[in-house]
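Numbering (the working numbering), first residue to last: 273 to 416.
Positions of the beta carbon are idealized from the N, C-alpha and C atoms, including for glycine.
Just below is one structure, and these are the notes that go with it.
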């Protein structure tokens with residue numbers, strides 16, 4: 273299924289794909305975002321490293337909106353490869369296929385994240401109407 277490359281064996285590609293499947297299946301939790309997966313994403317999928325694995329995870333997977341942005345970039349980059357990482361196209365194609373199977377759950381998570389934030393915002397607005405001290409702090413916090 274996979275071919276060896278200069279920097280990754282076919283066996284290593286299998287392991288990356290397994291970690292990817294596990295990561296998506298478990299709702300993209302931090303404990304399932306492994307160094308092996310991080311290394312592939314920033315070395316062979318067009319993402320910058322964001323300093324380290326923690327920064328990368330924080331940038332793309334802590335909120336549903338960030339996750340949507342990640343998958344838009346991942347899908348478009350790996351689908352075209354920009355002529356740079358053709359050696360990894362077999363793995364990236366397999367990763368896209370896994371993503372397709374989890375796409376609905378990922379989209380639902382993103383929508384829930386937005387809805388949760390809107391609910392919190394609405395509650396803050398209601399409290400701000402009653403509590404002028406809170407209103408000032410709230411408006412300062414959202415830079416309004």
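Residue nearest to residue i in terms of C-alpha spacing, selected from the options
i, options, result
"residue 342", "296, 288, 404 and 396", "296"
"residue 359", "386, 337, 312 and 375", "312"
Nearest-angstrom Cα separation, counted from residue j out to residue i
i, j, result
"residue 276", "residue 382", "35 angstroms"
"residue 362", "residue 413", "46 angstroms"
"residue 339", "residue 307", "18 angstroms"
"residue 287", "residue 273", "13 angstroms"
"residue 330", "residue 320", "13 angstroms"
"residue 373", "residue 379", "12 angstroms"
"residue 316", "residue 289", "13 angstroms"
"residue 389", "residue 370", "28 angstroms"
Limits of the alpha helix (DSSP H) - the one that residue i falls within
i, result
"residue 362", "361–402"
Neighbourhood of residue i by C-beta, 7 angstroms cutoff - its chain only, sequence neighbours within 5 removed
i, result
"residue 310", "325 and 328"
"residue 304", "294, 295 and 298"
Beta carbon of residue i nearer than 9 angstroms to that of residue j
i, j, result
"residue 368", "residue 346", "yes"
"residue 394", "residue 411", "no"
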